[in-house]
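Using this note's numbering, the letters of the sequence shown map in sequence onto residues 112 to 199.
Ideal placement from N, C-alpha and C gives every residue a C-beta, glycine not left out.
None of the values given here were measured: they were computed from a predicted structure.
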Amino acid sequence: GYLLAQLNDVAGLERIRFLTSHPSFFTDEIIHAVADLPKVCEHINLPVQAGDDEVLKAMRRPYTRQEFKDLVGRIRDIVPHSSLATDI
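And the structure:
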């Protein structure tokens, strides 16, 4: 969130697209930055990678399917008009 806020203050910079983020690092602070900072685009790309907990575990992903769904729910609650994309 801090870096996005600093970039938001750069004169002449019109848009900030925060591209792919690992779901574990897409914190509520970043979600609020997307919601609150006018230059940050409300487009979020979160790679789901798998929809099965066993596959995620085998891939050594530190989150479960439910945790990913909870993250998407928080994004929808805080930034209701955001667009979400993913990589599978």
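Taking a cut-off of 8 Å for Cβ pairs, the region 143-150 and the region 188-196 touch, as three or more such pairs fall below it. For Ala-196, the uninterrupted beta strand (DSSP E) run begins and ends at 194-196, by DSSP. By DSSP's assignment, Asn-156 forms a beta bridge with Ala-196.
For Phe-179, the enclosing alpha helix (DSSP H) stretches over residues 176-189. Between Ile-155 and Val-121, the alpha-carbon positions lie close to 21 Å from each other. For Lys-168, the enclosing alpha helix (DSSP H) covers residues 164-169.
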